[in-house]
Amino acid sequence: MPKFTMRCFCCVCGKKQEYEFNVPPAPSMIQEEIVCDNCGDRTHVLLTSCPNCGKTFKFFLSDLDFMGEIKQLSGVYVRLIDGIRDSLSDYIEEFNVPVPKKWSVKLSCTCGHDYFAEIPLRQLRTS
Ligand SMILES: [Zn+2]
Ligand SMILES: [Zn+2]
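At position 37 of the sequence shown the residue is numbered 37 (the working numbering), and the sequence of numbers has no breaks.
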């Protein structure tokens, strides 16, 4: 995996920080936790890189554990639908609810390439 250096300013104390990450090419994303070496503030960062040129990367800072939250939410949704399907199984033959397969974001690179980065979401049980 290509290594990228990320420079940013701590959103709490403003100190300049530098981190190194191995960033997978899109559509894969990774989530890392960064900790300010000055004030100890913790932030999550989502990272992905351009699959075309492999030279640039994008990051999203989030106080939330974004990847965890979005997977947890989709898990709750899917369990809910599974439950409804089970409770109706005596009455109906087929129960189809479209469930989003992924969360995705469109990005553009300075090389001119547009691409998507994705987080796969939980899916319904197949029975
Ligand atoms: Zn700080
Ligand atoms: Zn590119």
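Even for Gly, the Cβ is constructed at its ideal location relative to N, Cα and C. Every value quoted in this text rests on a predicted model; they were computed, and no experiment measured them.
- Look at the beta carbons and you see the stretch 29-49 not touching the stretch 70-85: under three pairs across the two are nearer than 8 Å.
- Taking C-beta separations shorter than 8 Å and ignoring five residues to either side along the sequence, the partners of residue 12 in its chain run 36, 39 and 41, following chain order.
- Taking a C-beta distance under 8 Å as the contact criterion, residue 31 and residue 66 qualify as a contact pair.
- When C-alpha distances from residue 120 are compared across 107, 72, 14 and 5, the shortest belongs to 72.
- Taken through DSSP and simplified to helix, strand or coil, residue 7 comes out as strand.
- DSSP places residue 21 inside the beta strand (DSSP E), whose first and last residues are 16-22.
- Secondary structure note for residue 114: its beta strand (DSSP E) is the uninterrupted segment 114-120.
- Residue 113 holds the alpha-carbon nearest to the alpha-carbon of residue 54 among 124, 122 and 113.
- For residue 41, the shortest separation between its Cβ and any heavy atom of ligand 1 lies below 7 Å.
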